[in-house]
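Shown next, in structure tokens, is the structure this report addresses.
In the numbering used here, the protein residues as written are 1483 to 1599.
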């Protein structure tokens, strides 16, 4: 999930602290640790979410689309900030964001660091 945070240093620091706390709660392995399959927990959760439900939930949980408008400013990733001014939907933004799920997390970090320098 992505969260848009205003460009206020105190809020960005707090967002970084929340990211660390989230990783702790989700029991994500820290960088450099060697585990057999670091995504096994997520795979189990994904399988549970994709399992078909026997009961109708549409009436219980109605969906209502809301409108939103935001401009990409920066990415807060692993305690570091990466960003550039790009208009939403532009080729420049697509080049920067890439195709979701194509790269591994360490590859995303390397790409962001190269792009920022």
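Glycine residues also receive a C-beta, built at the ideal position from the N, C-alpha and C atoms.
Under 7 Å between C-beta atoms of residue i and residue j
i            : j            : result
residue 1487 : residue 1493 : yes
residue 1545 : residue 1598 : no
residue 1560 : residue 1591 : yes
residue 1497 : residue 1558 : yes
Residue i - containing beta strand (DSSP E), residue span
i            : result
residue 1494 : No beta strand (DSSP E) contains residue 1494, which is instead part of the alpha helix (DSSP H) from 1491-1507.
residue 1487 : From DSSP, residue 1487 is part of no beta strand (DSSP E); its letter is neither H nor E.
residue 1558 : 1556-1559
Residue burial classification, residue i (beta-carbon count within 10 angstroms, cutoff 16)
i            : result
residue 1508 : exposed
residue 1460 : No answer is possible for residue 1460: the residues shown for the chain start at 1483 and end at 1599.
Range covered by the alpha helix (DSSP H) that runs through residue i
i            : result
residue 1597 : 1587-1598
residue 1527 : 1522-1532
Supposed contact pair residue j and residue i - C-beta distance, whole angstroms, cut 8 Å
i            : j            : result
residue 1489 : residue 1551 : Incorrect: roughly 17 Å between the Cβ atoms, too far for contact.
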